[in-house]
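The letter at position 183 of the sequence shown is residue 183 when you use full-length UniProt numbering, and the numbering goes up by one with no holes.
This report concerns only the one structure given below.
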Amino acid sequence: MTAAENLRQRIKGKFGTILADPPWRFQNRTGKMAPEHIRLRRYPTMTFKEIKELPVAELAAEQSHLYLWVPNALIKEGLEVMERWGFTYKTNIVWFKTRKDGGPDGRGVGFYFRNVTELVLFGVRGNLRTDKSGRTQVNIIRARKREHSRKPDQLYDIIEACSPRPYLELFARHPRKGWMQWGNEIEETLE
Numbered sequence: 001m002t003a004a005e006n007l008r009q010r011i012k013g014k015f016g017t018i019l020a021d022p023p024w025r026f027q028n029r030t031g032k033m034a035p036e037h038i039r040l041r042r043y044p045t046m047t048f049k050e051i052k053e054l055p056v057a058e059l060a061a062e063q064s065h066l067y068l069w070v071p072n073a074l075i076k077e078g079l080e081v082m083e084r085w086g087f088t089y090k091t092n093i094v095w096f097k098t099r100k101d102g103g104p105d106g107r108g109v110g111f112y113f114r115n116v117t118e119l120v121l122f123g124v125r126g127n128l129r130t131d132k133s134g135r136t137q138v139n140i141i142r143a144r145k146r147e148h149s150r151k152p153d154q155l156y157d158i159i160e161a162c163s164p165r166p167y168l169e170l171f172a173r174h175p176r177k178g179w180m181q182w183g184n185e186i187e188e189t190l191e
């Protein structure tokens, strides 16, 4: 069963907000996976085509928000995924990865520069703005890195303050109360 079939079978309903952290497959300009990414591979990845084919548009309410994690090297692809899923790009949120002392955590990888940031692309379906608190929310999260690929919990707080329910998280890893979640590292939940 493909990921698209699994998602279609397991998740029903329409969601006001969708958060997705796809397991992007990294390749360099020659089509090969960069050595640092091969070494860091800890979970199955998906091709760009597989990610685009997920039936996210079927799960999104007519007026809804999408928060899409995308690696710096794949912003173009992330924008294409967002469009395919039925959303229009509006802005982004930057995760600035810090060390214990608050300085930049330079342990990241990159094809051109050592990345200390990751991006969340924010898109809208329909003409839905963020809630009032969103209009005062800055678009940067300063947080330390944790386990491989684990994103900062602060994003949940931002979403819950700025975007409508019900919430769906795709490729979830850790339970979150009040969210429907789907992914191969978590059982589907809605608490």
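C-beta: ideal position from N, C-alpha, C; glycine also.
Own chain partners of residue i with C-beta closer than 6 Å, once the 5 adjacent residues on each side are dropped
| i | result |
| --- | --- |
| arginine 165 | Gly16 |
| glutamate 5 | none |
| serine 163 | Thr17, His65 |
| glutamate 77 | Phe48 |
| valine 81 | Ile51, Lys52 |
| tryptophan 179 | Tyr167, Glu169 |
Proximity to residue i [Cα-Cα], best of the options
| i | options | result |
| --- | --- | --- |
| residue 263 | Val56, Pro44, Arg25 | Examination of residue 263 is not possible in this model, given that the chain is present from 1 through 191 alone. |
| proline 23 | Tyr167, Asn127, Lys52, Leu155 | Lys52 |
| phenylalanine 111 | Leu155, Leu74, Glu147, Lys151 | Leu74 |
| asparagine 127 | Ile141, Ala143, Gln63 | Gln63 |
| arginine 8 | Val116, Ser163, Glu58, Gly106 | Glu58 |
| threonine 130 | Ile159, Gly106, Asn115 | Ile159 |
| aspartate 157 | Met1, Val81, Ile141 | Ile141 |
| residue 197 | Ile11, Arg10, Ala20, Gly106 | A question about residue 197 goes unanswered here, because the residues of the chain that appear run from 1 up to 191. |
| aspartate 101 | Arg144, Pro44, Ala161 | Arg144 |
| proline 152 | Leu168, Ser133, Lys132, Glu118 | Glu118 |
Backbone secondary structure at residue i - three-state DSSP
| i | result |
| --- | --- |
| isoleucine 140 | strand |
| arginine 125 | strand |
| glycine 178 | coil |
| tyrosine 112 | coil |
| glycine 102 | coil |
| isoleucine 18 | strand |
| phenylalanine 96 | strand |
| lysine 90 | strand |
| alanine 60 | strand |
| glutamate 36 | Low local confidence applies: a pLDDT of 46 at glutamate 36 is under 50, so the model's placement there is unreliable, and no value is given. |
| glutamate 118 | strand |
| methionine 82 | helix |
| glutamate 53 | coil |
Cβ-Cβ separation, residue j to residue i (assumed contact under 8 Å), whole Å
| i | j | result |
| --- | --- | --- |
| glycine 108 | lysine 97 | 7 Å |
| leucine 155 | isoleucine 11 | Incorrect: roughly 20 Å between the Cβ atoms, too far for contact. |
Cβ-based neighbour list, residue i, same chain, cut-off 8 Å, excluding 5 preceding and 5 following
| i | result |
| --- | --- |
| valine 60 | Checking the sequence, you will find alanine at residue 60 rather than valine. So the qualifying residues of the chain are Lys14, Phe15, Ile18, Leu66, Trp85, Gly86, Phe87, Arg125. |
| arginine 99 | Asp105, Arg144 |
| tyrosine 89 | Leu79, Met82, Glu83, Leu121, Phe122, Gly123 |
| proline 44 | Pro23, Asn184 |
Close-in-space but distant-in-sequence residues of the same chain around residue i (CB under 7 Å, 5 per side omitted)
| i | result |
| --- | --- |
| alanine 3 | Met46, Glu50, Leu54 |
| arginine 39 | Note that arginine 39 scores a pLDDT of 47, beneath 50, so its modelled location is shaky and nothing firm can be said. |
| arginine 173 | Arg150, Gly183, Glu185, Ile186 |
| methionine 1 | none |
| asparagine 115 | Asn72, Gly108, Val109 |
| glycine 106 | Arg114, Val116 |
| serine 133 | Ala161, Cys162 |
Would the segment 128-139 and the segment 83-99 be scored as touching if the rule is three or more Cβ pairs under 8 Å? yes
Checklist entry - So does the segment 58-77 actually touch the segment 104-122, counting three or more Cβ pairs closer than 8 Å? => result yes
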